[in-house]
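To keep things clear, I will list the structure first and then write my remarks on it.
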Amino acid sequence: MSAKIAVLGAGAFGTALAVVAASEGDPVTLVGRDAGRMKVIEKNRVSETVLPGVELPASLAVTADTDALSTADIVLLGVPAQSLRTALQTYGNAIGNVTSLVVCAKGIEQSSGLFLADVVEAVLPDHPTAILSGPGFAADIARGLPTAMTIASARKGVAEELARHISSGTFRLYASDDVVGVETGGALKNVLAIACGIVEGRGLGESARAALIARGLAELMRFAKAHGGAARTVSGLSGLGDLVLTATSHQSRNLRFGLALGKGTPLDELMAPDAPLSEGAFTASVAASISAEKNIEMPITQAVAAILRGKLGIKEAVDALMTRPLKSE
Numbered sequence: 026m027s028a029k030i031a032v033l034g035a036g037a038f039g040t041a042l043a044v045v046a047a048s049e050g051d052p053v054t055l056v057g058r059d060a061g062r063m064k065v066i067e068k069n070r071v072s073e074t075v076l077p078g079v080e081l082p083a084s085l086a087v088t089a090d091t092d093a094l095s096t097a098d099i100v101l102l103g104v105p106a107q108s109l110r111t112a113l114q115t116y117g118n119a120i121g122n123v124t125s126l127v128v129c130a131k132g133i134e135q136s137s138g139l140f141l142a143d144v145v146e147a148v149l150p151d152h153p154t155a156i157l158s159g160p161g162f163a164a165d166i167a168r169g170l171p172t173a174m175t176i177a178s179a180r181k182g183v184a185e186e187l188a189r190h191i192s193s194g195t196f197r198l199y200a201s202d203d204v205v206g207v208e209t210g211g212a213l214k215n216v217l218a219i220a221c222g223i224v225e226g227r228g229l230g231e232s233a234r235a236a237l238i239a240r241g242l243a244e245l246m247r248f249a250k251a252h253g254g255a256a257r258t259v260s261g262l263s264g265l266g267d268l269v270l271t272a273t274s275h276q277s278r279n280l281r282f283g284l285a286l287g288k289g290t291p292l293d294e295l296m297a298p299d300a301p302l303s304e305g306a307f308t309a310s311v312a313a314s315i316s317a318e319k320n321i322e323m324p325i326t327q328a329v330a331a332i333l334r335g336k337l338g339i340k341e342a343v344d345a346l347m348t349r350p351l352k353s354e
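Here's what the structure looks like:
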């Protein structure tokens, strides 16, 4: 049976998910906040500002009207991590009482230190909630290039049902019940991608990048385990898979952020309101604080956070990482 799907958030990733969800002919509605922009997209059947050249399927409706949220069986939340709470507070009354909510952002809420599933629970309790995460760029998904990601819910059956409704011939979702493990990979890989960008920007070589990816993965596993997640999850699509993609491709905003930082671009310029969003820049500080509080060994994450706070120079960070006490792997 088909399900009515609405996507809240008409950025690149939200639009890409709406495109792939509608690609099988099921009715899908993309809901954005800018009524004028939504009308233009609906008329032209393309969102040139975020996904140029991608034609929207006929079964995809585009609107700023929130009525679609009240009748949807599934709402994909395609808003940035740091905006999730505000979006839920703004649109919560429009969302149906039995609607399943799927968080499609990656990060940890900076103001509270909460994982995003916990933010949903705090604002809209009692809704079936899932996390969609893994290695997938919006442009690849929207253009029908083969992509596999993970969808996790505390109830495995919910994740499996959502996977059936959202997956397509080119977009494959694997179900999981390890919400913490999946969220950890999605959030912290952005921080590690910044580190890999810094390495590239400074010309430190591919061997250094490989070391960061491998040792960064160890940090993800420690963080997940400390919060009740499983190492096996972190070694899958939502952890290792997403880390490799984000830490090596220039499509990654977080990698490009680190690359610019490594080349000497001032931090205030990179963090300007009109600059491309880098979720890792917000996640770094809260992840570093949590790791210090819980005594989780995360030297790369701590180094990135210190660089972004202006407390540590890049050369000093590299020296500190390379001169840490030797140990077994």
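Those letters in the sequence shown? Residues 26 to 354, per the numbering used here, in order.
The beta carbon of each residue, even a glycine, is placed where N, CA and C say it ideally should be.
Alpha-carbon to alpha-carbon, residue j and residue i
{"i": "L295", "j": "R278", "result": "11 Å"}
{"i": "K352", "j": "V87", "result": "55 Å"}
{"i": "P82", "j": "G254", "result": "38 Å"}
{"i": "D59", "j": "L126", "result": "22 Å"}
{"i": "F162", "j": "S274", "result": "10 Å"}
{"i": "L42", "j": "A297", "result": "27 Å"}
{"i": "L302", "j": "R281", "result": "10 Å"}
{"i": "T96", "j": "A285", "result": "44 Å"}
{"i": "A184", "j": "T258", "result": "15 Å"}
{"i": "E80", "j": "V44", "result": "9 Å"}
{"i": "A251", "j": "L139", "result": "14 Å"}
{"i": "L76", "j": "E67", "result": "14 Å"}
{"i": "A256", "j": "K64", "result": "45 Å"}
{"i": "D344", "j": "L337", "result": "11 Å"}
Reference residue i, options the options, closest by Cα
{"i": "R240", "options": "R227, S260, A251", "result": "S260"}
{"i": "S137", "options": "T348, I191, A147", "result": "A147"}
{"i": "E322", "options": "R62, R247, A220", "result": "R247"}
{"i": "A243", "options": "V65, A37, K214", "result": "K214"}
{"i": "L55", "options": "T91, E49, T74, G78", "result": "T91"}
{"i": "S108", "options": "A93, A31, A130", "result": "A130"}
{"i": "A331", "options": "Q276, G266, A220", "result": "A220"}
{"i": "V128", "options": "V75, G211, R189", "result": "G211"}
{"i": "V216", "options": "G39, G103, I66, I133", "result": "I133"}
DSSP three-state assignment for residue i, whether helix, strand or coil
{"i": "A200", "result": "strand"}
{"i": "I219", "result": "helix"}
{"i": "T54", "result": "strand"}
{"i": "S193", "result": "coil"}
{"i": "S27", "result": "coil"}
{"i": "T40", "result": "helix"}
{"i": "T111", "result": "helix"}
{"i": "L149", "result": "coil"}
{"i": "V75", "result": "coil"}
{"i": "A177", "result": "strand"}
{"i": "L187", "result": "helix"}
{"i": "T88", "result": "strand"}
Limits of the alpha helix (DSSP H) - the one that residue i falls within
{"i": "S137", "result": "First-last for S137: undefined, no H or E at that position."}
{"i": "T96", "result": "92–96"}
{"i": "L295", "result": "292–295"}
{"i": "S316", "result": "304–318"}
{"i": "I339", "result": "339–347"}
{"i": "L387", "result": "As shown, the chain starts at 26 and ends at 354. That puts residue 387 outside it, with no answer to give."}
{"i": "I166", "result": "163–167"}
{"i": "M63", "result": "60–69"}
{"i": "L245", "result": "231–251"}
{"i": "I325", "result": "324–333"}
Residue range of the unbroken beta strand (DSSP E) whose run includes residue i
{"i": "I156", "result": "154–158"}
{"i": "L170", "result": "Unbroken run through L170: none, as it is neither H nor E."}
Within-8 Å CB hit, residue i to chain C
{"i": "E244", "result": "Although the question refers to chain C, the structure presented lacks it and comprises just one protein chain."}
Three or more C-beta pairs under 8 Å: does that hold for the stretch 288–300 against the stretch 171–183?
Under the three-pair Cβ rule at 8 Å, the stretch 288–300 does not count as touching the stretch 171–183.
Say whether the stretch 226–240 touches the stretch 198–212, bearing in mind that this needs 3 or more beta-carbon pairs closer than 8 Å, one atom from each stretch.
Output reads no: the stretch 198–212 does not touch the stretch 226–240.
Pairing CB atoms from the stretch 119–128 with CB atoms from the stretch 150–163, are three or more of them under 8 Å?
Note that the stretch 119–128 touches the stretch 150–163; at least 3 beta-carbon pairs, one per stretch, sit closer than 8 Å.
So, does the stretch 327–342 touch the stretch 293–310, judging by three or more C-beta pairs under 8 Å?
Counting Cβ pairs under 8 Å, three or more are found: they touch.
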